[in-house]
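Under this note's numbering, the letters of the sequence shown match residues 1 to 180, in that order. C-beta: ideal position from N, C-alpha, C; glycine also. Reviewing the structure listed below.
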Amino acid sequence: MKALLCKAFGPASTLVLEDVPGPAIKKNEILLDVHAAGVNFPDTLIIEGKYQFKPPFPFSPGGEAAGVIAAVGENVSHLKPGDRVMALTGWGSFAEQVAVPHYNVLPIPQGMDFTTAAAFSMTYGTSMHALTQRARLQPGETLLVLGASGGVGLAAVEIGKALGARVIAAASSAQKLEVA
């Protein structure tokens, strides 16, 4: 399979596309045929060696993906080959296939495409956790979202509205505010 590999810490320009063996899955994992992968700020930190974990070299970056399950491990009963899913992978999504623990995999809702699903988990998961678990946002409260035109910011605006908050979106330019 083809994979974008990080062989030494550095800028994105040092990544190389190579043929590598496909991953073997463990009993609690699924094998995902990657149709789309999200690109997030942590991906740049990981390849530069500035993130909280450092995968062993060589590794494929990419912390989230969406695609179709190719195979399931022997202990996985709620997912099956052919299922359309999104996954938080940590790394490995910039490849044609990635092995993922089953508990990091969710079905893609009807009507959602692979590209949207691949960019959903990290941004919306981060915002949902921040607003419900950390801030404990309640209906009727006011939420100020700084950086509202970025991935996490856009998700926070949408989730804040869905939770019944009065949302104020802020960004560094009028052009960026048009996005929010």
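If we ignore side chains and look at the alpha-carbon of each, how far apart do Thr-126 and Gly-153 end up?
Those two C-alpha atoms are separated by around 10 Å.
Near Glu-48, what residues of its chain come up, given a Cβ to Cβ distance below 8 Å and the 5 sequence neighbours on each side ignored?
Within the same chain, Cβ atoms closer than 8 Å to the Cβ of Glu-48 are found at Phe-9, Gly-10 and Pro-11, the five residues on either side in sequence being excluded.
Got a sec? Which residues, its chain only, sit under 7 Å from Gly-62 by beta carbon, not counting five neighbours each side?
Counting only Cβ-Cβ distances below 7 Å, and skipping sequence neighbours, we find Ala-37, Asp-43, Thr-89, Trp-91, Gly-92, Ser-93 and Phe-94.
Out of His-35, Ala-170 and Arg-84, which one is the CA nearest neighbour of Gln-110?
Minimum Cα distance to Gln-110 is reached at Arg-84.
Own chain, CB closer than 7 Å to Phe-120, minus 5 neighbours either side, in chain order:
Residues of the same chain with a CB within less than 7 Å of the CB of Phe-120, apart from the 5 flanking positions on each side, are Met-86 in chain order.
Where does Lys-2 sit, in a helix, a strand or coil, going by DSSP?
Lys-2 falls in the strand class under three-state DSSP.
State buried or exposed for Val-98, treating a residue as buried only when at least 16 other CB atoms are found within 10 Å of its CB.
That one is buried.
Starting from Ile-30 and walking both ways along the beta strand (DSSP E), at which residues does that stretch end?
In the DSSP assignment, Ile-30 falls within the beta strand (DSSP E) that extends over 29 to 37.
Opposing strand residues paired with Thr-142 [DSSP bridges]
According to DSSP, which records beta bridges pairwise, Thr-142 is partnered with Arg-166.
So, under 8 Å CB-CB, Val-100 and Leu-143 are touching, yes? Tell me the CB distance rounded to an integer number of Å.
Wrong, their Cβ atoms sit about 32 Å apart, outside the cutoff.
For Ala-156 and Leu-131, believed in contact at Cβ under 8 Å, the rounded distance:
Indeed, because the Cβ distance is near 6 Å, the residues count as touching under 8 Å.
Between which two residues does the beta strand (DSSP E) carrying Gly-67 extend?
Counting along the chain, the beta strand (DSSP E) containing Gly-67 begins and ends at 64 to 72.
Nearest CA to the CA of Gly-67: which residue from Glu-18, Gly-22 and His-35?
Comparing Cα-Cα distances from Gly-67 to each of Glu-18, Gly-22 and His-35, the minimum goes to His-35.
Nearest neighbour of Ala-174, chosen from Ile-159, Val-167, Gly-147 and Arg-166 [CA to CA]:
Out of Ile-159, Val-167, Gly-147 and Arg-166, Gly-147 has the C-alpha closest to the C-alpha of Ala-174.
Using the DSSP secondary-structure output, state which residues sit across from Gln-97 in a beta bridge.
Gln-97 is bridged by DSSP to Asp-33.
The beta strand (DSSP E) with Asp-19 in it runs from where to where?
Looking at the DSSP string, the run of the beta strand (DSSP E) that includes Asp-19 is 16 to 19.
Mind checking which residues open and close the beta strand (DSSP E) that includes Ala-87?
Start and end: 84 to 88.
What residue range is occupied by the uninterrupted alpha helix (DSSP H) comprising Pro-42?
Looking at the DSSP string, the run of the alpha helix (DSSP H) that includes Pro-42 is 41 to 47.
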